Amino acid sequence: MSAQQGTAGRTNPCERDYRTSKQRVQATVAAEMKRGVDSAYSTLARSDQTAETVALVALRVIVRMKRICVFCGSRTGVQEAYRQAAVNLGRLLAERGWGLVFGGGRIGLMGIVADRVMQQGGEAIGVIPKMLMQKEIAHSGLTSLRVVCTMHERKAMMAELADGFIALPGGYGTLEEFFEILTWAQLGLHRKPCGLLNVQGYFDPLLGLVEHAVNEGFVRPDHRPLIIDDQDAEQLLDRMVAYTPPETPQLLHPGEI
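Residues 34 to 290 in the working numbering are what the sequence shown lists, from first letter to last.
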């Protein structure tokens, strides 16, 4: 056999590596697709939606849900249920293969969620302003920590990185972050789901205020569904998967905020 024939019969090591890498990527994509389809069908198949609608939602999930931004407190609150809810949410995100985007601190509920995601082998991206690096004690064990100059840059980057938003119990900062991103949805700046994880009824008074604002004519009734609320984290995630945003005219463009 000639040298040329011998060379032609051998497999290039680089080609083998390429095929192996390609197979791993294909397996990962297939797993993500299965999770998305299973989640969409488990939520919608028992409803009055048509088979075509369910299929379209499932396909949308495959493309859309990659990361969830979680707004939550830099404190843990007085009830153990808040801590457990943060642990459970981090676990569920990692199990679904969805990355976490959050405020970048290692204290309070935000640190608990991030720790759980990382322990489960998931992705956790923190976004923190320079001025809070010490105050919130930046988390050093994340997939990525983005340091920005201002609070506005922080929120803009978190919104850009995430495909949906969840608020856990928290204080002024948590409420401000959630309602700003909710307002962006109302203005048509994005069409991503915004959820409240209503642990132990923590958000009941807030939801009551929202209903009062609707009844008094300050919030349009068709904008109330912009808030998805649930006491169960898994059900909340499933409802966010199935979310179809109400029609809202785009009053502003991202560069105008």
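No residue lacks a Cβ here, since even glycine has one placed at the ideal position from N, Cα and C. Given the structure is predicted, the values throughout are model-derived calculations rather than measurements.
Coil, strand or helix - residue i by DSSP
| i | result |
| --- | --- |
| R179 | strand |
| P162 | strand |
| D262 | strand |
| A171 | strand |
| Q152 | helix |
Closest by C-alpha distance to residue i, when choosing among the options
| i | options | result |
| --- | --- | --- |
| K168 | R149, Y276, I199, G136 | G136 |
| T277 | L240, C227, N248 | C227 |
| L165 | G138, Q112, L133 | G138 |
| L201 | I170, M98, L259, A114 | A114 |
| G216 | L133, R253, V120 | This sequence places Thr at residue 216; Gly is not what is there. If we check each option's Cα against that of T216, R253 comes out closest. |
| H185 | D196, G203, P162 | P162 |
| A127 | F236, V150, T176, L240 | V150 |
Strand pairing of residue i, partner residues [DSSP]
| i | result |
| --- | --- |
| A200 | F104, L229 |
| G132 | R100 |
| A157 | L133 |
Between the CA atoms of residue j and residue i - distance to the nearest angstrom
| i | j | result |
| --- | --- | --- |
| H223 | M191 | 13 Å |
| D255 | N231 | 21 Å |
| T207 | D271 | 22 Å |
| G144 | F251 | 36 Å |
| I261 | F198 | 10 Å |
| I158 | Q268 | 24 Å |
| D148 | R108 | 15 Å |
| L239 | G106 | 16 Å |
Delimiting residues of the alpha helix (DSSP H) encompassing residue i
| i | result |
| --- | --- |
| G123 | 113-129 |
| I140 | Taken as a continuous stretch (DSSP letters only), I140 belongs to no alpha helix (DSSP H), as it is neither H nor E. |
| V247 | 237-248 |
| Y276 | No alpha helix (DSSP H) contains Y276, which DSSP labels as neither H nor E. |
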